[in-house]
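First the structure, in the form of structure tokens, and then the observations on it.
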Amino acid sequence: MNSDDYRDPWAWLPHAVLWLGVAVIAFPLYLTLVASTLTAQEIAQAPMPILPGSQGLANYQAALQTGSTFRMSPPVSSMMWNSFVMALVITFGKITISIISAYAVVFFRFPGRMAAFWLIFITLMLPVEVRIIPTYEVVSDLGMINSFAGLTVPLIASATATLLFRQFFLTIPDEYVEAAKIDGAGPLRFFWDILLPLSRTNIAALFVILFIYGWNQYLWPLLITTDQNMDTIVLGIKKMIGTGDSQTEWHLVMATTVLAILPPVLVVVLMQKWFVKGLVETEK
Amino acid sequence: MASITLTNIIKRYGSGAAANQVVHGVSADVMDSEFIVIVGPSGCGKSTLLRMVAGLEDITSGTIAIGGKVVNGIDPSQRDIAMVFQNYALYPHMNVFGNMAYGLKIAKVPVEEIKARVDKVAKILDLSHLLNRKPRELSGGQRQRVAMGRAIVRQPQVFLFDEPLSNLDAKLRVQTRLEIQKLHRELGITSLFVTHDQVEAMTLAQRMMVMNAGRMEQFGTPEEVYHRPATTFVASFIGSPPMNLLKNATGAKPGHILGIRPEHLDIGTGAWRAVVESVEMLGAERLLYCRLGDEQLVVRAEEATAAPALGQTIGLQPRADRVHHFHAATGMRASA
Numbered sequence: 023m024n025s026d027d028y029r030d031p032w033a034w035l036p037h038a039v040l041w042l043g044v045a046v047i048a049f050p051l052y053l054t055l056v057a058s059t060l061t062a063q064e065i066a067q068a069p070m071p072i073l074p075g076s077q078g079l080a081n082y083q084a085a086l087q088t089g090s091t092f093r094m095s096p097p098v099s100s101m102m103w104n105s106f107v108m109a110l111v112i113t114f115g116k117i118t119i120s121i122i123s124a125y126a127v128v129f130f131r132f133p134g135r136m137a138a139f140w141l142i143f144i145t146l147m148l149p150v151e152v153r154i155i156p157t158y159e160v161v162s163d164l165g166m167i168n169s170f171a172g173l174t175v176p177l178i179a180s181a182t183a184t185l186l187f188r189q190f191f192l193t194i195p196d197e198y199v200e201a202a203k204i205d206g207a208g209p210l211r212f213f214w215d216i217l218l219p220l221s222r223t224n225i226a227a228l229f230v231i232l233f234i235y236g237w238n239q240y241l242w243p244l245l246i247t248t249d250q251n252m253d254t255i256v257l258g259i260k261k262m263i264g265t266g267d268s269q270t271e272w273h274l275v276m277a278t279t280v281l282a283i284l285p286p287v288l289v290v291v292l293m294q295k296w297f298v299k300g301l302v303e304t305e306k
Numbered sequence: 251m252a253s254i255t256l257t258n259i260i261k262r263y264g265s266g267a268a269a270n271q272v273v274h275g276v277s278a279d280v281m282d283s284e285f286i287v288i289v290g291p292s293g294c295g296k297s298t299l300l301r302m303v304a305g306l307e308d309i310t311s312g313t314i315a316i317g318g319k320v321v322n323g324i325d326p327s328q329r330d331i332a333m334v335f336q337n338y339a340l341y342p343h344m345n346v347f348g349n350m351a352y353g354l355k356i357a358k359v360p361v362e363e364i365k366a367r368v369d370k371v372a373k374i375l376d377l378s379h380l381l382n383r384k385p386r387e388l389s390g391g392q393r394q395r396v397a398m399g400r401a402i403v404r405q406p407q408v409f410l411f412d413e414p415l416s417n418l419d420a421k422l423r424v425q426t427r428l429e430i431q432k433l434h435r436e437l438g439i440t441s442l443f444v445t446h447d448q449v450e451a452m453t454l455a456q457r458m459m460v461m462n463a464g465r466m467e468q469f470g471t472p473e474e475v476y477h478r479p480a481t482t483f484v485a486s487f488i489g490s491p492p493m494n495l496l497k498n499a500t501g502a503k504p505g506h507i508l509g510i511r512p513e514h515l516d517i518g519t520g521a522w523r524a525v526v527e528s529v530e531m532l533g534a535e536r537l538l539y540c541r542l543g544d545e546q547l548v549v550r551a552e553e554a555t556a557a558p559a560l561g562q563t564i565g566l567q568p569r570a571d572r573v574h575h576f577h578a579a580t581g582m583r584a585s586a
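Going line by line, the protein sequences match chains A and B.
For the first sequence, the numbering used here gives the first residue as 23, with consecutive numbering after it.
For the second sequence, the numbering used here gives the first residue as 251, with consecutive numbering after it.
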């Protein structure tokens, strides 16, 4: 029976719920976008217009190049760059370190192997905030304040990623290892030729998660940077919002916010292809 | 010379009081170019034995020599062997060509030679049109051929097969069995083939090793194993339906077990009076399940003769030259 023949009088309800959900999430984003195209005055005046204004180009240019004059923020372009480098280094660092640790824990036998794994697992239960004071002391003693090293190295080990890779590696049939052994592949060759290609989907998924995690870091960069040039964009946005003693340039804040959202969205959209590809191509 | 010599192979897992010994002193000599089947029920240690020859398991004690050279402790890739796995173990992200070429690539064989060898083997196995496909795009039978191709391309001294036909459907199994036989005739490489299927063993083996609970009970040609089984286990494992083993039938000696195969019982006016309990019609023949005294036995009857009724008593005569005697206590064959 053709589905067109049967009309459910309540068919509109799920659609309505979905539309409501989309509206709740998208509307604030839409307002941000609109506000980024208005002048400061138009924003301050209530009610704020709902349709985009004409200041878009000027606002973005101002934000990217000169930054907010009142809060002495550096230009958004340099903050974007800082965020980008930090997020990328954290992502690559976390993936590399976790995949190698998971490889060691799963495919090798050495004394203290399980102890090492449980130690890594337990540290999962310690969020950044809990260990922040000792970490700060160590980083500062090592002279890594205000550097990219200081921004990234303390965040670079990942128990979550290690656990994820470990679970995935456990599903790899022993026969691949044995066939590779007979073919003459040593441990490094096996890792590079066989394990890595099979881990592509996991790596793509983790790349997205870790990039967004790195991009959104607030507390740690706040503590570790005193030099304004090292500000990340997340820091920058917060600093732009005045505390009352000076006028917040909302139009610039909104423009910066939109710019800040773009890279993670880009990463998700680009990596989506890899996800789906990996899911569709699962082995029988 | 790719002979294989197993000398008193023992495999033990764990140590001390909790040790589990799974292979108890197996010794055998395999000659160059022989096709040997290691057969036995699940858990008898046949796969463990094969893996020790491959180098995938350590040998607790004893020595294995391939081509005259002791290989204990030598890496699998250095033993000049190739293995075909039950689940094919094809690298899923490489295409058929890549899978077959991988071992050669690692051995730094020149690219042109790799291509020549792979193309040649692909032609033998009828895989030439599949070289660019990934394993997931192949059927089970094709995957198994790729697995065999991967082994052949390495031109090893010894082939090791670990239950390669178990994952195939019945028809494909027969087909692949014939292909393996053909390949062995053409290539003549010493082969060790592990299976739990006695039909595969009987049809493929030049000689077979029958294993039970970690012991090698008999090592002989299919003829020898069928006509002169060394133990009651071998007698009942080979042949379908299995050999009848009777303690109390007329003709059985005290303290001995009498063995007679279902096909070696003549129905008519024999000394054994058995009651027919059920009949199975197989098409070309019938199986009669009977009771003789307090023991059960199976008889093969030709389809042409009339089927007896259930409950009917029939006379069975075992053919004198086909009767076997085993010691009841040890299960070992008694000499005549």
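All residues carry an ideal CB built from backbone N, CA and C; glycine is no exception.
Interface residues of chain B facing A:Pro195 [CB-CB closer than 8 Å]: In the first sequence, residue 195 of chain A corresponds to position 173, counting from 1. Ordered by position in chain B, the residues that pass the 8 Å Cβ test against A:Pro195 are Asn337, Ala339.
For A:Lys299, which residues in the same chain have their Cβ closer than 8 Å to its Cβ, ignoring the five residues on either side in sequence? Here residue 299 of chain A refers to the residue found at position 277 of the first sequence. Hits under 8 Å: Thr223.
Same chain, Cβ closer than 7 Å to A:Gln77, neighbours up to 5 away in sequence not counted: Looking up residue 77 of chain A in the first sequence gives position 55. By the criterion of a C-beta distance shorter than 7 Å, A:Gln77 is surrounded in its chain by Thr59, Leu60, Thr61, His273, once the five residues flanking it on both sides are discounted.
Does the separation of the CB atoms of A:Ala181 and A:Thr145 fall below 9 Å? For the purposes of this step, residue 181 of chain A is taken as the residue at position 159 of the first sequence. For the purposes of this step, residue 145 of chain A is taken as the residue at position 123 of the first sequence. Their beta carbons are under 9 Å apart, which means A:Ala181 touches A:Thr145 by this criterion.
For the beta strand (DSSP E) that B:Tyr476 lies in, which residues bound it at each end? Along the second sequence, read from residue 1 onward, the residue named residue 476 of chain B stands at position 226. No beta strand (DSSP E) holds B:Tyr476; the alpha helix (DSSP H) holding it covers 472 to 477.
N-terminal and C-terminal residue of the beta strand (DSSP E) that B:Tyr263 is part of: What you label residue 263 of chain B is simply residue 13 of the second sequence in a count that begins at 1. Its beta strand (DSSP E) spans residues 254 to 263.
List the residues of chain B that A:Lys203 touches, going by C-beta distances under 8 Å, in chain order. As a first step, residue 203 of chain A is located in the first sequence; it is residue number 181 there, counting from the start. Chain B residues near A:Lys203: Gly305, Leu306, Asp325, Pro326, Ser327.
Quick check on B:Pro342 - is its C-beta less than 9 Å from some C-beta in chain A? Taking the first residue of the second sequence as position 1, residue 342 of chain B is located at position 92. Judged by the 9 Å Cβ criterion, B:Pro342 is in contact with chain A.
Coarse secondary structure for B:Asn382, derived from DSSP in three states: Numbered from 1 along the second sequence, position 132 holds the residue referred to as residue 382 of chain B. Residue state, collapsed to three classes: coil.
Beta-carbon separation (whole angstroms), B:Ile364 vs B:Lys373, contact threshold 8 Å: Here residue 364 of chain B corresponds to residue number 114 of the second sequence, with the count starting at 1. Here residue 373 of chain B corresponds to residue number 123 of the second sequence, with the count starting at 1. Not confirmed; about 15 Å, so no contact.
Does any CB atom of chain B fall closer than 9 Å to the CB of A:Arg211? One-based indexing of the first sequence puts residue 211 of chain A at position 189. It does: the Cβ of A:Arg211 has a partner Cβ on chain B nearer than 9 Å.
Tell me, please, which residues DSSP counts as bridged to B:Thr563. For the purposes of this step, residue 563 of chain B is taken as residue 313 along the second sequence, with counting starting at 1. Residue pairing for B:Thr563: DSSP places it in a beta bridge opposite B:Val525.
Those residues which DSSP pairs with B:Asn462 across a bridge: Indexing the second sequence from 1 puts residue 462 of chain B at position 212. Per DSSP, B:Arg465.
Own chain residues within Cβ distance below 7 Å of A:Val128, not counting five before or after: For the purposes of this step, residue 128 of chain A is taken as the residue at position 106 of the first sequence. Closer than 7 Å at Cβ, skipping near neighbours: Arg188, Phe191, Leu192.
What distance in whole Å lies between the Cβ atoms of B:Ile286 and B:Met458, which are believed to be in contact at a cut-off of 8 Å? Numbered from its first residue, the second sequence carries residue 458 of chain B at position 208. Numbered from its first residue, the second sequence carries residue 286 of chain B at position 36. About 7 Å; that satisfies the 8 Å criterion.
Start-to-end residues for the alpha helix (DSSP H) that takes in A:Ser105: Counting from one through the first sequence, the residue named residue 105 of chain A turns up at place 83. Unbroken alpha helix (DSSP H) run through A:Ser105: 98 to 129.
Can a CB atom of chain B be found closer than 9 Å to the CB of A:Ile119? Taking the first sequence and counting its residues from 1, the one referred to as residue 119 of chain A is at position 97. Cβ-Cβ to chain B under 9 Å: no for A:Ile119.
For a minimum of 4 consecutive residues, which ranges assigned as the alpha helix (DSSP H) are wholly contained in the stretch 171 to 206 of chain A? 181 to 192, 196 to 205
Out of B:Leu437, B:Met466, B:Arg423, B:Pro479, which has the shortest C-alpha to C-alpha gap to B:Thr453? Taking the second sequence and counting its residues from 1, the one referred to as residue 453 of chain B is at position 203. For the residues B:Leu437, B:Met466, B:Arg423, B:Pro479, the minimum Cα distance to B:Thr453 belongs to B:Arg423.
Among B:Asn494, B:Ala451, B:Met461, B:Asn462, nearest to B:Glu473 - alpha-carbon criterion: Mapped onto the second sequence, residue 473 of chain B falls at position 223. Closest by alpha carbon: B:Ala451.
Exposure of B:Ala420, with buried meaning 16 or more beta-carbon neighbours within 10 Å: Along the second sequence, one-based indexing puts residue 420 of chain B at 170. Exposed, by the Cβ-count rule.
Short CB-CB distance (under 9 Å) between A:Asp30 and chain B: Counting from 1 along the first sequence, the entry for residue 30 of chain A is found at position 8. Cβ-Cβ to chain B under 9 Å: no for A:Asp30.
Is B:Arg544 buried or exposed, if buried means 16 or more other CB atoms sit within 10 Å of its CB? Reading the second sequence from its first residue, position 294 is the one you call residue 544 of chain B. Checking the sequence, you will find Asp at residue 544 of chain B rather than Arg. Classification of B:Asp544: exposed, given that the 10 Å Cβ count is below 16.
Which of helix, strand or coil DSSP assigns to B:Phe576: Here the question's residue 576 of chain B lines up with position 326 in the second sequence. Three-state result, B:Phe576: strand.
Is A:Val152 near A:Trp242, with beta carbons less than 9 Å apart? Here the question's residue 152 of chain A lines up with position 130 in the first sequence. Here the question's residue 242 of chain A lines up with position 220 in the first sequence. Going by C-beta atoms, A:Val152 is not nearer than 9 Å to A:Trp242.
Under the three-state reduction of DSSP, which class applies to A:Lys306: helix, strand or coil? Start at 1 with the first residue of the first sequence, and residue 306 of chain A comes out as number 284. The pLDDT assigned to A:Lys306 is 38, lower than 50, so where the model puts this residue is not dependable; a value taken from the coordinates is nonetheless given after this. Correct three-state label for A:Lys306: coil.
Going by Cα to Cα distance, which pick from A:Gln239, A:Ala207, A:Leu141 is closest to B:Ser327? Here residue 327 of chain B refers to the residue found at position 77 when the second sequence is read from its first residue. Measuring from the Cα of B:Ser327, the nearest candidate turns out to be A:Ala207.
Use the C-beta contact count for B:Ala357: other C-beta atoms within 10 angstroms, 16 or more gives buried, fewer gives exposed. In the second sequence, the residue the question calls residue 357 of chain B occupies position 107. Classification of B:Ala357: exposed, given that the 10 Å Cβ count is below 16.
Neighbour list for B:Tyr352 in chain A, Cβ cutoff strictly below 7 Å: The residue labelled residue 352 of chain B in the question sits at position 102 within the second sequence. Going along chain A in sequence order, the residues near B:Tyr352 (Cβ under 7 Å) are Asp205.
Three CB pairs or more closer than 8 Å across the stretch 435 to 449 of chain B and the stretch 269 to 288 of chain B: yes
Grab me the residues of A:Thr247's own chain with a C-beta within less than 6 Å of its C-beta, minus the 5 sequence neighbours each way, in chain order. Locating residue 247 of chain A in the first sequence gives position 225, where the first residue counts as 1. Result list for A:Thr247: Asn168, in chain order.
If you pair each beta-carbon of the stretch 292 to 311 of chain B with each one of the stretch 262 to 282 of chain B, do three or more pairs fall below 8 Å? Result yes; three or more Cβ-Cβ pairs closer than 8 Å.
Excluding the 5 residues preceding and the 5 following B:Ala485 in the sequence, name in chain order all residues of the same chain whose CB lies nearer than 6 Å to its CB. Walking along the second sequence from the start, residue 485 of chain B turns up at place 235. Within the same chain, B:Ala485 has close Cβ partners Pro479, Met493, Gly509.
For B:Arg583, three-class secondary structure by DSSP: Along the second sequence, one-based indexing puts residue 583 of chain B at 333. Residue state, collapsed to three classes: strand.
Contacts of A:Ile216 in chain B (Cβ-Cβ under 7 Å): Counting from one through the first sequence, the residue named residue 216 of chain A turns up at place 194. Ordered by position in chain B, the residues that pass the 7 Å Cβ test against A:Ile216 are Tyr341.
Just grab the DSSP bridge partners of B:Gly518 for me. In the second sequence, residue 518 of chain B corresponds to position 268, counting from 1. Its beta-bridge partners are B:Gly565.
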